[in-house]
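Here is the structure we will look at, set down as C-alpha cells.
In the working numbering, the protein residues as written are 10 to 234.
So this is what it looks like as C-alpha cells:
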C-alpha cells in the first residue's frame with residue numbers, strides 16, 4: 010500500500026476510534042470510558058494536524074478546535090475521578106468518608122454535564138465535517154508525492170519535539186520544581202506521542218523507529234493520557 014493510501018486509512022481509523030469511544034462515554038461516563046475518549050480525541054487532533062500541514066488548508070484548524078473543546082469538556086470529570094481514585098486508597102474515617110461522598114456527588118454532576126455535552130447533535134456535526142474532510146483528503150492524496158509527505162512529516166514532528174524539549178528544559182532548570190511547569194511538560198509529551206502515532210503509517214521503517222525513540226521519553230509521573 011502506498012503511503013498516500015495509508016494516510017487516508019489512518020484518517021478514517023482515527024475517526025472510527027473516536028466515534029466508538031464517544032458513544033461509550035455518552036452512555037457510561039466511567040473513568041475508563043472517559044480516559045479512552047480523551048486518548049482518541051488527542052489522536053484525532055494529531056491526525057488533523059498532519060492533514061492540515063499536507064493540505065495547507067486553514068479550515069482544518071477550525072475542526073481541530075471543535076475536538077479540543079470535546080477534550081476540554083472532559084477535564085473536570087477526569088479531575089474528580091482521579092481524586093476519587095486517590096482518596097479511596099486512604100484509610101477510612103469520618104472526614105475521609107464525608108469527602109468521598111462529596112466527590113461522588115460532584116462526579117455525578119459532571120457525568121450529567123458531560124453526557125449533555127456529548128449529545129448526538131455534536132457528534133453529527135463532527136461526523137459531517139470529518140466526512141467532508143475525508144472526501145477532500147482522498148482527492149488530495151492522489152497529488153501528493155513522497156518528497157512532499159516527507160517534508161510535512163518532518164515539519165510536524167520537529168515542531169512537537171522542539172515544544173517538548175523547551176518545556177523539559179524549563180522544568181529541569183527550576184528548583185524547586187512546580188506543578189505548573191510539570192503540567193506544561195506532560196501536555197507537550199502527550200502531543201509528541203500522539204503525533205508520532207499519527208505519523209507512523211506514513212513513515213518508512215527507519216524513520217518510524219527513530220521517531221518512536223525520540224518520542225519515548227520516560228513519563229514524569231507514570232500517568233500519560
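Glycine included, each C-beta is placed from N, C-alpha and C at the ideal position. Just so it is clear, the structure is predicted and the values come from calculations on it, not from any experiment.
- For residue 126, the enclosing alpha helix (DSSP H) has its first and last residue at 103-126.
- Across the structure, residue 71 and residue 207 are spaced so that their CA atoms are roughly 19 Å apart.
- Apart from the 5 residues on each side of it in sequence, residue 23 sits with its Cβ closer than 7 Å to the Cβ of 52, 53, 56 in its chain, given in chain order.
- In the structure shown, residue 85 falls within a helical segment according to DSSP collapsed to helix, strand and coil.
- Boundaries of the alpha helix (DSSP H) around residue 52: 40-64.
- By the criterion of a C-beta distance shorter than 6 Å, residue 40 is surrounded in its chain by 90, once the five residues flanking it on both sides are discounted.
- Here DSSP, grouped into helix, strand and coil, assigns residue 185 to coil.
- No Cβ-Cβ contact shorter than 7 Å links residue 80 with residue 36.
- Straight-line measurement puts the Cα of residue 131 at about 12 Å from the Cα of residue 123.
- The straight-line gap separating the alpha-carbon atoms of residue 44 and residue 30 is approximately 9 Å.
- In the structure shown, residue 97 adopts coil according to DSSP, grouped into three states.
- Approximately 11 Å separates the beta-carbon atoms of residue 86 and residue 112; this is outside 8 Å, ruling out the contact.
- The residue from 47, 25, 195, 161 with its alpha-carbon nearest to that of residue 177 is 195.
- Taking the Cα positions, residue 158 is about 48 Å away from residue 96.
- Secondary structure at residue 68: helix, using DSSP grouped into helix, strand and coil.
- In this structure, residue 164 sits near residue 62, with a CB-CB distance shorter than 7 Å.
- Distance check between residue 197 and each of 169, 205, 186 places 169 closest, using alpha-carbon atoms only.
- Here the C-alpha atom of residue 175 lies approximately 42 Å from the C-alpha atom of residue 107.
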